[in-house]
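Asker: Counting in my numbering, the sequence shown runs from 47 upward without gaps.
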Amino acid sequence: MKSKKIFEIDQVVRSMAIKDWIYSSPNLLELVEKLVDGKLSLQDFYAFSYQEIKDRIKKSVRLAVGRKENIVEVEYHIKYGWTISNKKEKAFLGKICIPDDANVIVGKNSYLSGCSTIRAFNCMRIGSYSSIGDGFYTSTSPDDHPYQMLSQNYALNCADFRLFKWEKSIENSIISNLSRDVYVGNDVWIGRNVRCFSGVSI
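(1) Which two residues bound the contiguous alpha helix (DSSP H) that contains Val150?
(2) Under three-state DSSP, which class holds Ile236?
(3) Between Lys65, Val152, Leu75, which has its C-alpha nearest Lys51's C-alpha?
(4) Name the two residues that bound the continuous beta strand (DSSP E) containing Ser53.
(5) Just mark Gly140 as buried or exposed, buried being the case when its beta carbon has 16 or more other beta carbons within 10 Å.
(6) Looking only at its chain, what residues have a beta carbon closer than 8 angstroms to the beta carbon of Asn232, apart from the 5 residues adjacent to it on each side?
(7) Looking only at its own chain, which residues have a Cβ that is under 6 angstroms from the Cβ of Lys104, when we skip the five neighbours before and after it?
(8) The alpha helix (DSSP H) spanning Asn116 covers which residue range?
(9) Could you work out which residue in Asn149, Tyr126, Asn155, Ile55 is closest to Arg165 when comparing CA atoms only?
(10) Using a threshold of 7 angstroms, state whether the C-beta atoms of Phe94 and Leu77 are closer than that.
(11) Applying the 10 Å Cβ sphere with the 16-neighbour rule, what's the burial state of Ala137?
(12) So the candidates are Asp180, Lys100, Ser156, Asp146; which of them puts its Cα closest to the Cα of Phe234?
(13) Of the residues Asp101, Cys161, Ser106, which one's Cα is nearest the Cα of Met62?
(14) Cβ of Ile130 within 7 angstroms of Cβ of Leu158?
(15) Starting from Ile172 and walking both ways along the beta strand (DSSP E), at which residues does that stretch end?
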């Protein structure tokens, strides 16, 4: 793909509120390319995006009620963003982004406001009746460039630019061993733009 075309696609993605979802999804990036080429209408793009994001949330998030964790129904609300529910209880995820496969458990009536990002390779658990402000970011994997890696340099560690062809499984093993669950308890309030790192309990 030519540099100009990549730039055009990138500018379209950056203009969208769901840009973090798009960057993490080859399917959505492919749709953006079709949108730029005029092969897909904006309405169709949003229809496909809605389903892709809904499926990812349904796969990654469960609603905890008592000791049970339920697979949930997922809907989008004009005021509250993404909501998950079973027949009796609900939780509100706001304009959440879950860029990777994740393990997220949310208690009833908890509320994430505005845009938040959850990277939960281990378990991210939020209790019931908790309120989390806009701009929340958490990751259960080490987010501080672990010194156990071969190098901190992007050219050595990024799959696109890696100079040394060492096994990706080694890198995954290091990250897995350093990953820790994140736990937010019941009736917890977290303000805007908070970063919650691996292993934290609130």
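Yeah, the Cβ is synthetic: ideal placement off N, Cα and C, and Gly gets one too.
Just so we're clear, the structure is a prediction, and the values are computed from it rather than from any experiment.
Answerer: This is what the structure gives:
(1) No alpha helix (DSSP H) holds Val150; the beta strand (DSSP E) holding it covers 149-153.
(2) Look at Ile236 here: in three-state DSSP terms it is strand.
(3) Ranking Lys65, Val152, Leu75 by CA distance to the CA of Lys51 puts Leu75 first.
(4) Residue identity differs from the one stated: residue 53 is Phe in this sequence, not Ser. Note, Phe53: premise wrong, no beta strand (DSSP E); alpha helix (DSSP H) at 49-60.
(5) Around the C-beta of Gly140, 16 or more other C-beta atoms lie within 10 Å, and the residue is accordingly described as buried.
(6) The beta carbon of Asn232 is closer than 8 angstroms to those of Gly153, Gly173, Ser174, Tyr175, Ser176 in its chain, skipping five residues each way along the sequence.
(7) Correct list, in chain order: Val120.
(8) Element bounds for Asn116: not the alpha helix (DSSP H) but the beta strand (DSSP E), 114-116.
(9) Out of Asn149, Tyr126, Asn155, Ile55, Asn149 has the C-alpha closest to the C-alpha of Arg165.
(10) The answer is yes: Cβ separation under 7 angstroms.
(11) With a 10 Å radius around the Cβ and a threshold of 16 neighbouring Cβ atoms, Ala137 comes out buried.
(12) Phe is not the amino acid found at residue 234; the sequence shown has Val there. Considering only alpha carbons, the answer is Ser156.
(13) That would be Cys161, whose Cα lies nearest to the Cα of Met62.
(14) In this structure, Leu158 does not lie closer than 7 angstroms to Ile130 by Cβ.
(15) Segment 169-172, the beta strand (DSSP E) holding Ile172.
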